[in-house]
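*Asks:* Under this note's numbering, think of the first position of the sequence shown as 11, with each following residue one higher.
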Amino acid sequence: MDNTNPPTTVASVVCSRRGLLLAAAGGLAALGGGASASAAGSTPATPAAGTPAAPPPAAPTGPFTLPPLPYADNALDPVVSANTLGFHYGKHHRAYVDNLNKAVAGTPFADMPLEKIIAATLGVADKSAVYNNAAQHWNHSFYWRSLRPQGGGDPTGALRQKIEASFGSVEACRKELQAAATSQFGSGWAWLALDGDKLVVTKTGNADSPLGKGQKPLLTIDVWEHAYYLDYQNRRADYVNALLGKLLNWEFAAANLG
Ligand SMILES: [Fe+2]
Numbered sequence: 011m012d013n014t015n016p017p018t019t020v021a022s023v024v025c026s027r028r029g030l031l032l033a034a035a036g037g038l039a040a041l042g043g044g045a046s047a048s049a050a051g052s053t054p055a056t057p058a059a060g061t062p063a064a065p066p067p068a069a070p071t072g073p074f075t076l077p078p079l080p081y082a083d084n085a086l087d088p089v090v091s092a093n094t095l096g097f098h099y100g101k102h103h104r105a106y107v108d109n110l111n112k113a114v115a116g117t118p119f120a121d122m123p124l125e126k127i128i129a130a131t132l133g134v135a136d137k138s139a140v141y142n143n144a145a146q147h148w149n150h151s152f153y154w155r156s157l158r159p160q161g162g163g164d165p166t167g168a169l170r171q172k173i174e175a176s177f178g179s180v181e182a183c184r185k186e187l188q189a190a191a192t193s194q195f196g197s198g199w200a201w202l203a204l205d206g207d208k209l210v211v212t213k214t215g216n217a218d219s220p221l222g223k224g225q226k227p228l229l230t231i232d233v234w235e236h237a238y239y240l241d242y243q244n245r246r247a248d249y250v251n252a253l254l255g256k257l258l259n260w261e262f263a264a265a266n267l268g
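1. When you compare the CB positions of residue 152 and residue 111, do they come within less than 8 Å of one another, or not?
2. Could you tell me the distance, in whole angstroms, from the CA atom of residue 163 to the CA atom of residue 240?
3. Looking at C-alpha atoms only, which residue of 226, 251 and 223 is the closest neighbour of residue 238?
4. Going by C-alpha to C-alpha distance, which of 172, 128, 234 and 161 sits closest to residue 193?
5. For the stretch 91-149, list the beta strand (DSSP E) runs that are entirely contained and at least 3 residues long, ordered along the chain.
6. Here's the rule I'm using: 16 or more other beta-carbon atoms within 10 Å means buried, otherwise exposed. How should residue 117 be labelled?
7. Just checking, does the stretch 139-156 make contact with the stretch 216-224 on the three C-beta pairs under 8 Å criterion?
8. Quick check: is any heavy atom of ligand 1 less than 7 Å from the C-beta of residue 147?
9. Given 8 Å as the limit, is there contact between the stretch 221-235 and the stretch 87-94, that is, 3 or more CB pairs closer than that?
10. Is it the case that the stretch 120-129 contacts the stretch 98-107, given that we only count it when at least three CB pairs across the two stretches are under 8 Å?
11. What separation, rounded to the nearest whole angstrom, lies between the Cα atoms of residue 181 and residue 266?
12. Using the rule of at least 16 other Cβ atoms within 10 Å of the residue's Cβ for burial, across every protein chain shown, is residue 244 buried or exposed?
13. Can you list every residue whose CB sits closer than 6 Å to some heavy atom of ligand 1, going in chain order?
14. Indicate whether residue 106 and residue 150 have their beta-carbon atoms separated by less than 8 Å.
15. Among all the DSSP beta bridges, which residues are the ones paired with residue 227?
16. Three-state secondary structure (DSSP) at residue 87?
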């Protein structure tokens, strides 16, 4: 495992089902791993409130590792409890990483950056196990950084201007996110993403993300049941509303907007 690469910033990786165009292979390659896994129950450093989470060290190719959480495992309580975080991060995310490493072992994918694996296996029937685990590793690494303690509120600066230009207001954007997250049928994700020059809210099923639509993700909300069932049972809307109001990391979205 290579831990020597410097931290990188979030970059746009754009792929289409046909073109599989990798527009940039920057920061989110960092989400492929690199730092030692932080086991559930461990206590990573908690950044000061309002401080964007530092990106994890880069490891461009496998073996992929679980990136450390950017906050303590109880830092999102009570919106996301330590119990939920322990299972979600320590069991579910870890399983995606472990299964990805098993699926790519001994194949050319083992030497590819995570985003290239996702782009190369998107829509390829006999590579669905590689795609699903790679994409879920990417999505979850992105999700942890889409949240922060004492988050929520309203964005500022260039991001706010972009949101107002695209949706009319921050509140309208928030309502679209809420609607996307609560209306996604079954497992999936709600996203704020950059589509060309405009921000959009979109939802995706299972392991898919805006990367597959040629969009650049800025924020995400995990609406798989494992994200909220221990705390909210079937009340997904309560989880989504609490997350939007108290945990959303607008600074992360602003950094992704660039
Ligand atoms: Fe999840």
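Virtual Cβ for every residue (Gly too), placed ideally from N, Cα, C.
*Replies:* Straight from the coordinates:
1. Note that the C-beta distance between residue 152 and residue 111 is not below 8 Å.
2. Cα-Cα distance, rounded: 25 Å.
3. The shortest C-alpha separation from residue 238 is found at 251.
4. With distances taken between CA atoms, residue 193 lies nearest to 234 out of 172, 128, 234 and 161.
5. Listed in chain order, there is nothing to give.
6. Classification for residue 117: exposed.
7. Cβ pair count under 8 Å is three or more, so yes.
8. Not under cutoff, so the answer is no.
9. No contact exists between the stretch 221-235 and the stretch 87-94.
10. The stretch 98-107 vs the stretch 120-129: no contact.
11. Looking at the two C-alpha atoms, the distance is approximately 20 Å.
12. Residue 244 is classed as exposed because its beta carbon has fewer than 16 other beta carbons within 10 Å across all chains shown.
13. Cβ-based neighbours of ligand 1 within the cut-off: 98, 102, 150, 232, 234, 236 and 237.
14. Yes, Cβ-Cβ distance for residue 106 and residue 150 is below 8 Å.
15. Paired residues: 203.
16. Shown here, residue 87 sits in coil according to DSSP, grouped into three states, outside any helix or strand.
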